[in-house]
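**Student:** Quick note: the sequence shown uses the UniProt record's numbering, first residue 1, plus one each step.
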Amino acid sequence: MAERSFAKEVEKLRLGAGEEFAGEGILAITKALLQCGVGYVGGYQGAPISHLMDVLADAQDILGELGVHFEASASEATATAMLAASVHYPIRGAATFKSTVGTNVASDALANLASGGVTGGALIIVGEDYGEGSSIMQERSHAFAMKSQVWLLDPRPNLPSIVKAVEDGFELSEASNTPVMLQVRIRCCHVHGHFIAKDNKRPPMSVADALAAPRRDTGRIVLPPASFLHEKEKVAKRWPAAVDFIKSRKINEMFGPDHGSVGIVMQGGMYNSVIRALQRLGLADTYGDTDVPLYVLNAVYPLVDDEFLSFCEGKQAVLVVEEGQPNYIEQAFAAMLHKAGRGTRLVGKEHLPMAGEYTGQVMLDGIGSFLRANAPHLLPGEVRAPNKLGEGVDTADLINVVPGRPPGFCVGCPERPIFAATKLVEQELGKHHIASDIGCHLFSIMPPFELGATTMGYGLGPASASAFNSPDAKRRSISFVGDGGFWHNGLTSSIGNAVFNKNDGVIVIVDNFYSAATGGQDILSSRANNRTKSTKHPIDEAVKGMGVKWLRHIDRTYDVGKMRAALRDALTTEEKGPKVIVASSECMLNRQRREKPLVDKAIKGGERVVKPKFGVDEDICTGDHACMRLSGCPSLSVKSLDDPLRDDPVASIDQNCVGCGNCGEVADAAVLCPSFYRADVVHNPGRWDRFLEGARRAVIGLLQRRRESRRLTFAHA
């Protein structure tokens, strides 16, 4: 169950020629694929591109009408390998995934695809997840394009440019027999706008047609001697063809005056931020008309020498706006100027940060600094001096004012009790080396759990602990992997590796029924019915099939005591070989998305509905707060009492509570205190409910009056 449904929005994909399409960047990309006659699409979800997979999944009826095959791939490597269908057949194919973790996974398939080349257009849409909002290591897709010699497009962040980039990408791929990467940053994915639509096209050749008339060309297979010829072909044929296409189609754009003493070159994705900075400096208007010449690289690889040298003609200095490092584009342009013997001074990282996201303020500071140093006459008088527009903001000041907000588990998350149990076991058996993995469970490295020492990649948590399989070890390692990571890479690289090498560590597979961290998409072990995918394949069976002998399945992770007992057994058993615990409970976000509308409908319809409500008895709570140190639930907070005899705030559960019961389970398992209670809230109660409520109130009232009477008696004695 994906976190967002695009069932209504996908109807816009039916718009025909001349009609105006309005919507989000992700939806525009899908529409562009259909307008280009794509034959097949595959991919793997991951921010900022997850919603593209969700859109495609919701649009399968429309895809089917056009004869387009869509597949949710097992990994990014699988998605890229799909593009092999375009090697021998003139079928346009597309793959999509998050970068750079996705390009890391896909790099083997990408290298082989790029070596043999393609006949049909092959487009790889990567969500460029770089910058302060990223959840991954900070790298760029650019290196992969250079390494494998595939062309890289980086369109300006507006819908017409994005749609044109998809069209250009397919045609560039076919013109140069080379795969093309199209990178879209988070702002590009979610920008809203409009463009004039074209009719959708059925692919001239479908995958079914290709199966009916198979082709092969040994010259396209990556095997010597052909593989040696591929490298020569890249340089002698494909590269020149790509450069000619980029020049003739004017993929790159120039804005502003034809002449000037300075100019700015930028990646296409940086255009909006550059224009905004120039507006704030008084050198551009809201329509993008600029007083500074701009050279916008919608194709950032390969670069076109003549275009750049022509842009530099007559300019004293040119600023390269290239987000991230290494500064590949700046280095390439510097080499061009040097070889051509030009005197234009090229600058970039002298005025802009070497690494990090180029936010609005960063761009304003950098461009302002460049213009003050090289063309102060262009600037209005009030901005010629530095620090007039908030430049040089001290991040240390922000750190002192704005509290840090580390990521954490959602309210009611079923993974929280797993790590509470781990903490309890460590209190009993001592500290262990714990290897983490990619996914929601990685939040266990944060307070209050502070568990986990490393994370090496999606599905590689247990693999990263394999070096600790020492016969002299006194303790076993513990490693975690999610169900998404398990099916993505973990089954072979982690579980299979552990079995083959007779690793003696403990592996916990966190099964929340979905690929939850990427948006709640279904996977092989999902319990949901999926009309287009095969689900309900138990992780236990796959693990057994790999040869694991010691296996435990916890079917309710909220049972902290049971979870702790399983971990203790795994860490202390005499049995050798990998010990695997499958800890299963549904992702609370997805559960709430599914159940809450049904419950609300039932309540509005007058049906009897019972909802659990948890609380803390203020009279019993001592204010120790140990429950929070083993839970960390956002709905579990503190509350100050009016009692002058009690200074310490007590625990309190707020209205965000979803009734998972974890706080009470933790308190019970840790033998903390009996202050937690559960009350059932009955909506639309029947006669029996009302009778019981009246009886309970009468009994409670009687006991309260008796206690008060005794208190007064003792007070007067």
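Ideal placement from N, C-alpha and C gives every residue a C-beta, glycine not left out.
Which of the three DSSP states is assigned to P160 in this structure?
**Tutor:** Here P160 sits in helix by DSSP.
**Student:** Counting along the chain, where does the alpha helix (DSSP H) carrying D619 start and finish?
**Tutor:** Looking at the DSSP string, D619 is not in any alpha helix (DSSP H), and its letter there is neither H nor E.
**Student:** Taking the DSSP output, what are the residues bridged to V603?
**Tutor:** The identity of residue 603 in the sequence shown is Ile, whereas the question assumes Val. Its beta-bridge partners do not exist; DSSP assigns none.
**Student:** Which of helix, strand or coil does DSSP assign to Q267?
**Tutor:** Here Q267 sits in strand by DSSP.
**Student:** So who's on the other strand from P321, going by DSSP bridges?
**Tutor:** Note on identity: in this sequence residue 321 is Val, with Pro being the wrong assignment. Per DSSP, M266.
**Student:** Buried or exposed for R705, going by 16 or more other Cβ atoms inside 10 Å?
**Tutor:** Per the 10 Å Cβ criterion, exposed.
**Student:** Identify the continuous beta strand (DSSP E) that holds G193 and give its terminal residues.
**Tutor:** Taken as a continuous stretch (DSSP letters only), the beta strand (DSSP E) holding G193 covers H192 to I196.
**Student:** Among M270, D244 and D61, whose alpha-carbon lies nearest the alpha-carbon of E11?
**Tutor:** With distances taken between Cα atoms, E11 lies closest to D61.
**Student:** In terms of alpha-carbon separation, which member of A355, Y40, Q138 and K201 lies closest to A95?
**Tutor:** Measuring from the Cα of A95, the nearest candidate turns out to be Y40.
**Student:** At which residues does the alpha helix (DSSP H) containing residue 718 begin and terminate?
**Tutor:** Beyond the ends of the chain as shown, which are 1 and 717, falls residue 718; an answer cannot be given.
**Student:** Considering only their Cβ atoms, is the gap separating W151 from S115 smaller than 9 Å?
**Tutor:** Against a cut-off of 9 Å, the Cβ pair of W151 and S115 comes out as no contact.
**Student:** Taking the alpha-carbon positions, what's the C189 to T290 distance?
**Tutor:** Roughly 25 Å between the two C-alpha positions.
**Student:** At which residue ranges does the stretch 200-264 contain complete alpha helix (DSSP H) runs of 4 or more residues, listed in the order of the chain?
**Tutor:** DSSP runs (the alpha helix (DSSP H)) wholly in the stretch 200-264: 207-212, 226-233 and 239-248.
**Student:** Report the rounded CA-to-CA distance for G623 versus P407, giving the unit in angstroms.
**Tutor:** Between G623 and P407, the C-alpha separation is close to 26 Å.
**Student:** State the start and end residues of the unbroken alpha helix (DSSP H) segment that holds S86.
**Tutor:** Note, S86: alpha helix (DSSP H), A85 to H88.
**Student:** Do you know offhand how far G632's Cα is from V666's?
**Tutor:** Near 11 Å, if we compare the C-alpha coordinates of V666 and G632.
**Student:** Find the nearest neighbour of P380 within the set A465, I478, L278 and H69, judged by alpha-carbon distance.
**Tutor:** Nearest of A465, I478, L278 and H69 to P380, Cα basis: L278.
**Student:** Could you tell me the distance, in whole angstroms, from the CA atom of K315 to the CA atom of R345?
**Tutor:** K315 and R345: Cα-Cα distance of roughly 8 Å.
**Student:** Express the C-alpha separation of M137 and T455 in angstroms, rounding to a whole number.
**Tutor:** Whole-angstrom Cα-Cα distance: 11 Å.
**Student:** Tell me the rounded alpha-carbon separation between F486 and A208.
**Tutor:** So the two alpha carbons sit approximately 32 Å from each other.
**Student:** Excluding sequence positions up to five away, which residues of its chain have a Cβ less than 8 Å from the Cβ of K549?
**Tutor:** Closer than 8 Å at the Cβ level, and outside the excluded window around K549, lie E575 and G577.
**Student:** Where do the ends of the beta strand (DSSP E) carrying residue 718 lie?
**Tutor:** Absent from the structure is residue 718, since the part of the chain shown begins at 1 and ends at 717.
**Student:** Jot down the residue ranges of each uninterrupted alpha helix (DSSP H) in the stretch 399-452, minimum 4 residues, whole runs only, in chain order.
**Tutor:** With a minimum length of 4 residues, the continuous alpha helix (DSSP H) runs that stay inside the stretch 399-452 are 416-429.
**Student:** Would you kindly report the start and end of the unbroken alpha helix (DSSP H) that includes A651?
**Tutor:** Taken as a continuous stretch (DSSP letters only), A651 belongs to no alpha helix (DSSP H), being part of the beta strand (DSSP E) at V650 to I653.
**Student:** May I have the straight-line CA-CA distance separating K536 from A74, to the nearest angstrom?
**Tutor:** Between K536 and A74, the C-alpha separation is close to 16 Å.
**Student:** Decide yes or no for the touch test of the stretch 16-28 against the stretch 185-202: beta carbon pairs closer than 8 Å, at least 3 of them.
**Tutor:** Yes: at least three Cβ pairs fall under 8 Å.
**Student:** Cβ of F513 within 9 Å of Cβ of S534?
**Tutor:** No, the pair does not count as a contact, with Cβ atoms beyond the cut-off.
**Student:** Could you check where the alpha helix (DSSP H) with R629 kicks off and where it finishes?
**Tutor:** Residues A626 to R629.
**Student:** Given that a residue counts as buried once 16 or more other Cβ atoms are within 10 Å of its Cβ, and exposed if not, what is D483?
**Tutor:** Buried, by the Cβ-count rule.
**Student:** Put P597 into one of helix, strand or coil per three-state DSSP.
**Tutor:** Of the three classes helix, strand and coil, the one that applies to P597 here is helix, per DSSP.
**Student:** Enumerate in chain order the residues of its own chain whose CB-to-CB distance from N101 is below 6 Å, with the five nearest sequence positions on each side excluded.
**Tutor:** Position check: residue 101 holds Val in this sequence, whereas Asn was assumed. Result list for V101: I136, in chain order.
**Student:** Hey, quick one: how far does the beta strand (DSSP E) through residue 718 stretch, first residue to last?
**Tutor:** There is no way to answer for residue 718, as the model of the chain reaches only from 1 to 717.
**Student:** Should H51 and G519 be called a contact, given that it needs their Cβ atoms to be closer than 9 Å?
**Tutor:** Yes, the Cβ-Cβ distance between H51 and G519 is below 9 Å.
**Student:** Expressed to the nearest angstrom, what Euclidean distance is found between the alpha-carbon atoms of D540 and M546?
**Tutor:** Taking the straight line from one Cα to the other gives about 10 Å.
**Student:** Comparing C-alpha positions only, which one of F468, A57 and F6 sits nearest to R531?
**Tutor:** For the residues F468, A57 and F6, the minimum Cα distance to R531 belongs to A57.
**Student:** Could you round the C-beta distance between H142 and Y295 to whole angstroms and report it? I think they count as a contact, below 8 Å.
**Tutor:** With 8 Å as the limit, H142 and Y295 do not qualify as a contact, their Cβ atoms being about 17 Å apart.
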